[in-house]
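Protein chains in written order, with the numbering used here: chain A, 5 to 364; chain B, 5 to 364; chain C, 22 to 347; chain D, 22 to 347. Input: a single structure, listed below in C-alpha cells.
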Amino acid sequence: MSTVASFEIHHTAYLGPDGKPLMALPNALADPQTLRALYRDMVLARAFDAKAIALHRSGRLGTYASLLGQEAVGVGIGHVMQTDDVLLPSFREHALQLKRGVRPEEIYLYWGGDERGSAFSGPKEDFPVSATVGGHAPHAAGVALAFKLRDERRVAVCVFGDGATSKGDVYEAMNVAGLWKLPVVFVVTNNQWALSTPRAEQTGAATLAQKSIAAGFEGEQVDGNDVVAVAKVVGDAVAHARAGKGPRLVECLTYRLSDHTTVDDASRYRDEAEVKPWWEKDPIVRVRLYLTATAGWTDEQEKALLEECNALIEQAADAYLATPPQPPETMFDHLYAELPVEIAAQREAMLASIRNQGDG
Amino acid sequence: MSTVASFEIHHTAYLGPDGKPLMALPNALADPQTLRALYRDMVLARAFDAKAIALHRSGRLGTYASLLGQEAVGVGIGHVMQTDDVLLPSFREHALQLKRGVRPEEIYLYWGGDERGSAFSGPKEDFPVSATVGGHAPHAAGVALAFKLRDERRVAVCVFGDGATSKGDVYEAMNVAGLWKLPVVFVVTNNQWALSTPRAEQTGAATLAQKSIAAGFEGEQVDGNDVVAVAKVVGDAVAHARAGKGPRLVECLTYRLSDHTTVDDASRYRDEAEVKPWWEKDPIVRVRLYLTATAGWTDEQEKALLEECNALIEQAADAYLATPPQPPETMFDHLYAELPVEIAAQREAMLASIRNQGDG
Amino acid sequence: MAEHSLLEAVNLALKRAMREDDRVILFGEDVGVGGGVFRATQGLLQSFGPTRVFDTPLAETLIAGMAVGLAVQGFRPVAEIQFMGFIYSTLDQVINHASRLRNRTRGRLTCPMVLRAPYGGGIHAPEHHSESTESLFAHIPGLRVVIPSSPKMAYGLLLSAIRDPDPVVFLEPKRIYRAAKEAFDDDGEGAPLDRCLMRREGGDCTLVSWGASMKETLVAAEELAGQGISTDVIDVCTLKPLDTKTILDSVARTGRLVIVHEAARTAGFGAEIAAGVADAGLYHLRAPIVRVTGYDTVMPLARLERHYMPDAARIRAAVERCIASD
Amino acid sequence: MAEHSLLEAVNLALKRAMREDDRVILFGEDVGVGGGVFRATQGLLQSFGPTRVFDTPLAETLIAGMAVGLAVQGFRPVAEIQFMGFIYSTLDQVINHASRLRNRTRGRLTCPMVLRAPYGGGIHAPEHHSESTESLFAHIPGLRVVIPSSPKMAYGLLLSAIRDPDPVVFLEPKRIYRAAKEAFDDDGEGAPLDRCLMRREGGDCTLVSWGASMKETLVAAEELAGQGISTDVIDVCTLKPLDTKTILDSVARTGRLVIVHEAARTAGFGAEIAAGVADAGLYHLRAPIVRVTGYDTVMPLARLERHYMPDAARIRAAVERCIASD
Ligand SMILES: Cc1ncc(C[n+]2csc(CCOP(=O)(O)OP(=O)(O)O)c2C)c(N)n1
Ligand SMILES: Cc1ncc(C[n+]2csc(CCOP(=O)(O)OP(=O)(O)O)c2C)c(N)n1
Ligand SMILES: [Mg+2]
Ligand SMILES: [Mg+2]
C-alpha cells in the first residue's frame, strides 16, 4: 500500500475577539488608515442592515435576509477585489455589494420587489444576487473562462453559503475551475446555518474548505469575523488567481446572528445559548478595540462615524422610498432585445384590462 | 496559521501484470479455489463481451458498450457483495451484473432494445443499468438509507465511471452518504476515458479517490486490473459499510481497451501507442500466470474453461435470439400500476392503426 | 367538525398517512425542526421522530433521487421541494428515473413517491419564489400531477397521492395556504386522482381552472351570476391523468369554454385542455376557447406580480367576450 | 451549388458563424477531438483551435451555467448537450438564469447563448437517447426554441440563433441528420426566428408539424394528393415565438387542422397550436382539430420505437377523418 496523495487544510486568524492581535498583522493591513476604512465599511453595512429590517417592519420593504454578524466577510472580500473584477454574490452579501459600489437604495429596491434593484449603476459587470442557492457558481466558471480566453488579468469572485456547498452546481463549477486553472475565487460564508439546518447537518466533511480537494485545488479556512484574516487570505487567493495559477476556495467561519430572513423566526429551531458566544466574537467590536488600543480611536470619532453612516443610510432609504414605481407594462420590456409580436399583443391586452378596471 | 485537517489517499495492488505477487495475498483470496473462480468469471465476462460485439456486427444487437479490459473490476466487486446487497451499476458493468446473477441473455435483451432485459430474474432488487451517467448515485443513497432505517445489515454498491465523477449528482449523493454514514460503497471504474474525453480532461484532482474528501469520508485507489486488490479493498469497504461505519469511495484504475461503444471509433481520438501498454496489464493474463505458477493450472484446464464459457455464452445468445418480441401495445403495460382511461384509449388507437396497416 | 386551512389540511394528511403506514417518511430542506418554511410539516418530527421526518442537505437533485431509491426499497417517501422555483434540479431524476422506473423494468421495480412543492405567486415572495410551471410535469408520461384548491381537497388528494403506487407531483398553491378554512373530518378518506371537480353549475359558459386561480375564477363566476350569466366551474385538481370527460360534458351543455391559469400562456396546461375540446368537443363550441393566463413574460417581482396573475375582472371580460361572440 | 445533409448544414453554419464572429465559441462533451457523437462539430477544433472549441467535463448543469457566464461576458457560446435525454440537468440554469437574466437586470446583463441538442427517436439509440421534450422549453418566457427540418433551414436558423441577442434552444432532429441532402450556398444568410415555413400548399386541410416528423407529414401529404386531397403543410421551425398568423391564415382557407409531432401528446406543443386556433380561428374550423403524436407513454427502446412515432398512415387517417367529418 502506497500513499499517492496527501492534503492539509489551514486556518488563519489575526485579530482575536478581544481586539488583540494573535500574530503580527500583514503589512498591507496593519496601517491604521486601511483598518479605519474597513471598520467604517462594516459599520455602514450594519447600519444598512438595521434600516432594512426597520423598513420591513414598517411594511416598506419585502422579505429581507440580514447580514448581521457577517460584516467582516463582505468587507474583507470587497477590499481585495479590483474594480474590474466580477462579483457573483449570494443573496446575503449586502456588505460586499455596498463595498463594490452598489448603492444602498438599489439594494433596498431589489428587496422591495423591484427588478431595477439589479440594474445597479456601479459595478456594471457584477452579477445580481443569486436567489437560487449555488446557481451562480457555474456562471463564475464562465466569467472566469471569459477572462482567461481574453487573456485579461481579472478575477471572478463567487460567494455562497455553507448550505450551497451541498449543491452539485457548486461542485461542478469548482471541478472545472480546478481543471482549467480558471481565475476564480470561491468564498464560503459559513455562517453555521442554512435556514434552519445547522452546518453539522449539511455535510460530514470536517471543514468546508476541503470541498476544493475534490476539485483539485487548495482550500483555506479563516476566522470570518476577523476582517484582517479575510482580507489577507482572500487577497492571496485573488492574487494567486490573477497570476493565472488557478482557483482557491476560502471558508470564512462566521455566524448568522439574525433570523434567516425577516419572515423567519430562528428561535423555533436555534438555541439562544448558541448565539450568545458569537456576539462576543463580533467582527466590528474587535476592530474598534484594536483601533482604540493601537491607533487612538476616540469616542468622538466613533460617534461621528455612526452619525455619518446613519445619515448616509437615511438618505438612501429616502431615495429608495422616493423611487417612482415601474409601470406594469415594463414587465414585458426587458424580456427579449425585441418583443415578439405575439407577446407585444399580450402587453397591449394587459394595458387594456388595466384601463378597463380603471374605468369600472 | 494552524492545520485543521489532513488527508491521505492510498493505492493498493497485490498481483503484478506478470502474475507475480507484489505482496502476500490476503488469506481470503490466497486460496486457489477462490482465485480460480474469479478467473473463470473474468473469462466468462470476456466471452460475453466478444459475443455481444459479434451480435452487433451481424445486426442482431443494438449499440453496445464493451467492458474489454475491465473484467477484474466487476468480478472483484461482485465477489465481495452478498446476495441481498443491492447493486446500482453503470451501463458498462456487465461483468458485475453477470456475477450478481443476471443472465447473459437478459443483458443481451437490454442492449437489443427490449425493456425486458431490465426485468431480470436474478438479483431482484438490483437496479437496471444507469444510462444516465451518475444519475444512479442519488438512488444508491436512497437505497442505503432504506437499509439504515430498517436496521438491515445490507450494503448498496454504486458503480460509475471516471466521467461520472464530474456530475453534481454523484457529489450530492456522496455528501449525504458521508453525512449520515450510509451503508453504501461508491466505486469508480476509472478506465481513463469518458467517451472521447481522457481522465486528465475530466478533473484537476490528482486522484478520483480524493473526491470523497469533499464528502467527509475515505477514498482509496486500487489497481483495477488486479482482481485481488479490487476484491480486498472493495471488500473492506463493504464490510466497513455493513458494520455501520459509513461509506467509502474506491477508485479502480483500469483501461477501456475497446471503443466507447460499438458505434464509436476510438482511433479518431485515441493513440494506439497509449492502448498497447494496457494490453500488457491484462487483468486476466496475470491471474492465469499466477495460477499456473502457484496452483498448477494447466493448458488442458485453460482449454476446458474457454470451451465451457463459450458454450455457455452461445446458449445465452441463442436464448436471446429465440426470445419472442414484445407486442407493440406492451409499451403501455408498465407505465402505471393501472392504466388511466385516457391512455388506455391511446393503446386501443395504436392497435387499431396497426390493424389497419395490416389490412392495407 | 373542525375547520382547517389548506396548509393545515396538508399537515393533517401527512400526519394521517404517517400514522396509518409506517413506510411513509418525510424529508426535504428544513422540514424537521424547522417544520417547513410554511409550517406544512410542523410538529411531525415531534410526533414521528427523526427516522421518519428529517432534513436533507441543500440539494434538490439528491432529494428527488434519494426518494427514488427509498421508494424502490418499499418506503413511501414524501419529499418536499421548498419552492417550485427550485424544483428544476429534480427534473432529470423525475423524468429519467422516477416516472419510468416501472416501465424500464417492466414492473420489477416501482416508484411510489410524492414530490411536494408550494407554487405560484401572490405572497410577495423574493425572486424565483413565485413560479407556476405545472405543465412541465404534465407532459411527462408515468407521472401524476395533482393540485388542490381547497383544504378538503388538499387533504383527500394528498392522502391518495401518498397511497398511490406511482410517482405523484403534488403542487400546493401557497397563495391560498391560509386563505380560507373549511370544515371536514380527519377521516382518512382519499380523493380520486383522476377526476375533475365540479365547483359550480350553470349553463352559459364553462370555466376551468385549478390551484389558487380557482379563487378568482369563483369570484368571477359569482359576479357573472349577478349579471345573469350562469357558469359551470370545473376544478382540474388532477392535471395528469386529465379527466377530459367532465370537461367535455360541461362544454356540451354550455358551448363555451374559458380556461384560467396563473402560469404563462404558451404551452401552459390550458393549451392541453383547449386542444382536447377542439378535437372531441368541437361541434359543441359556440364561441372561441379563451385562455385567461399569466403572460408570456417572467413572473415579476413582488411589486408588479398582481398585474401578472389573472384576476376576476380579466376572467369576467373573457366570459363576456365568449357570450357576446355568437 | 453544393449539396449538404442536415448534419453537414449544422457543421457549416457553426463554421461560418465562428469565422464571421470570433466571440462565437463552442463547447460540450466530446465536441473537440471527438467532433461530436454525430460529427456535428467535426473539424472545428482543427480549424479554430482549442480556445474556441473545447470539451467540458461530463456535467450538463455546468455546461449551461458556464454558457450563461460566458454570454454575459460578451461571448457567443454555443453549448452542446450530447442528447436531449440529458438536457434536464440544464433546466434550472435555463429557466432560472439564461432565460431571465436580461429581465432580472432590466437589460443590464444579457445572455446571447445557444444550447444545441440532437433530439427524437428513430435511430435505434440506447435508453434515454430518443426523447422529444421541446414543449418544456416552449413554455419558458425569454427563450427561443428552434427546430429545423431540412438542411437549408438548419443552416439559416442556426446562424440566426447564434447571432440572436437572447438565449436560443436549438434542437436537431437526429433521425434526419443524414436523411436527405439539399443544395444551398454557404452564403451566411440567416433565416427568421419567428416565422413558420409553408412547405406545401393545398386547400383541403392544414397539416402542421416540425422536426423529423415533417418527413412523414410530407409523405402523407403526397399520398393524400394522390387521393385527390390537397393540403397546406406548415413547418413550425420556430416553436417560440410561434408564428400563429401563418397557421391561422392557412386554417382560414382549409377549415381543417391536423397537427403532427413525435413528443407525447399531453401538454405537447401541438396543444398550444390547437389552442391558439381554437381561439382566434374557431369560426374557420369545419372539423375537429386532430393531433397525431407520440403516445402518452415512455418512448420505448429500439425494438418498438417505430410504433411510438407518428407514421404517414396515421397522419393520412387523421386527415381523412377530418375531411369525412363535415
Ligand atoms: C436551490 C435552492 N434551494 C432552496 C432554496 C431556499 N433557500 C433559500 S436560502 C436557503 C438556505 C441557504 O443557506 P446558506 O447557503 O448557508 O446561505 P445563508 O442563508 O446562510 O446565507 C434555502 C434553503 C433556494 N433559494 N435555492
Ligand atoms: C448525464 C449524461 N450525460 C451524457 C451522456 C452521454 N454519455 C454516455 S457514456 C458517456 C461517457 C461516460 O464516461 P464514464 O463515466 O467514464 O463511463 P465509461 O463510458 O468510461 O464506462 C457519455 C458522455 C450520458 N449518458 N449521461
Ligand atoms: Mg449559511
Ligand atoms: Mg470512463
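Built from N, CA and C at the ideal position, the CB exists for glycine as well. Computed from a predicted structure; not experimentally measured.
Which stretch, first to last residue, makes up the beta strand (DSSP E) that contains residue i?
| i | result |
| --- | --- |
| A/F11 | S6 to T16 |
| C/A138 | V135 to Y140 |
| A/Q225 | G223 to D227 |
| C/I8 | Examination of residue 8 of chain C is not possible in this model, given that chain C is present from 22 through 347 alone. |
| A/T298 | Premise fails: A/T298 lies in the alpha helix (DSSP H), P287 to A299, not in any beta strand (DSSP E). |
| A/T193 | V188 to N194 |
| D/L47 | V45 to G49 |
| B/L257 | R252 to L257 |
| D/L79 | First-last for D/L79: undefined, no H or E at that position. |
Just the C-alpha distance for residue i and residue j, rounded to the nearest angstrom, thanks.
| i | j | result |
| --- | --- | --- |
| A/R290 | C/L91 | 49 Å |
| B/G239 | B/F190 | 12 Å |
| D/L27 | D/K36 | 14 Å |
| B/T193 | B/D166 | 6 Å |
| A/V243 | D/A138 | Checking the sequence shown, residue 243 of chain A turns out to be Ala, not Val. The straight-line gap from Cα to Cα measures roughly 38 Å. |
| B/R107 | C/L65 | 45 Å |
| C/R44 | B/K152 | 13 Å |
| D/T284 | B/M27 | The displayed chain sequence assigns Ala, not Thr, to residue 284 of chain D. In a straight line, the C-alpha of D/A284 is about 58 Å away from that of B/M27. |
| B/V279 | C/I161 | 43 Å |
| D/E203 | D/K173 | 7 Å |
| A/G364 | D/T252 | Its pLDDT being 44, under 50, A/G364 is placed unreliably by the model, and nothing is read from it. |
| C/R196 | C/V135 | 21 Å |
| D/L179 | D/E193 | 10 Å |
| A/A104 | D/L214 | Rather than Ala, the amino acid found at residue 104 of chain A in this sequence is Arg. Rounded to whole angstroms, A/R104 to D/L214 spans 39 Å at the Cα level. |
| B/A270 | B/A51 | 21 Å |
| B/K386 | D/A200 | Outside the displayed span of chain B (5 to 364) sits residue 386 of chain B, for which this structure offers no information. |
Residue i lies in the alpha helix (DSSP H); which residues open and close that run?
| i | result |
| --- | --- |
| C/E237 | S234 to G247 |
| A/H338 | Taken as a continuous stretch (DSSP letters only), A/H338 belongs to no alpha helix (DSSP H), as it is neither H nor E. |
| A/E306 | D303 to A326 |
| D/V190 | Where D/V190 is concerned, there is no enclosing alpha helix (DSSP H), although the beta strand (DSSP E) it sits in stretches over V189 to P194. |
| A/P344 | Taken as a continuous stretch (DSSP letters only), A/P344 belongs to no alpha helix (DSSP H), as it is neither H nor E. |
| C/N32 | L27 to E41 |
| A/K152 | A141 to L153 |
| C/V58 | Per DSSP, C/V58 belongs to no alpha helix (DSSP H) and is neither H nor E. |
| C/K266 | T265 to T275 |
| B/A52 | For the record, residue 52 of chain B in the displayed sequence is Phe; it is not Ala. Segment P36 to R61, the alpha helix (DSSP H) holding B/F52. |
*If you measure from each residue's Cβ to the nearest non-hydrogen atom of ligand 4, which ones come out under 7 Å, in chain order?*
B/G165, B/D166, B/G167, B/T193, B/N194, B/N195, B/Q196, B/W197, B/A198 and B/R260
*Given 8 Å, three or more beta-carbon pairs between the stretch 94-104 of chain C and the stretch 116-126 of chain B*: no
*Pairing CB atoms from the stretch 216-223 of chain B with CB atoms from the stretch 260-271 of chain B, are three or more of them under 8 Å?*
no
*contact_flag[the stretch 72-81 of chain A, the stretch 230-247 of chain A] where n(CB pairs < 8 Å) is 3 or more*: yes
*Any chance you could list the alpha helix (DSSP H) runs of at least 4 consecutive residues sitting entirely within the stretch 281-342 of chain D, in chain order?*
290-301 and 326-329
*In chain order, which beta strand (DSSP E) runs of at least 3 residues are fully inside the stretch 94-163 of chain C?*
97-101 and 135-140
*Okay, do the stretch 259-277 of chain C and the stretch 293-308 of chain C touch, 3+ Cβ pairs below 8 Å being the bar?*
yes
*Counting Cβ pairs closer than 8 Å, one from the stretch 273-292 of chain D and one from the stretch 222-242 of chain D, do we hit at least three?*
yes
*Touching or not, the stretch 247-262 of chain C and the stretch 155-169 of chain C, by the rule of three or more beta carbon pairs under 8 Å?*
yes
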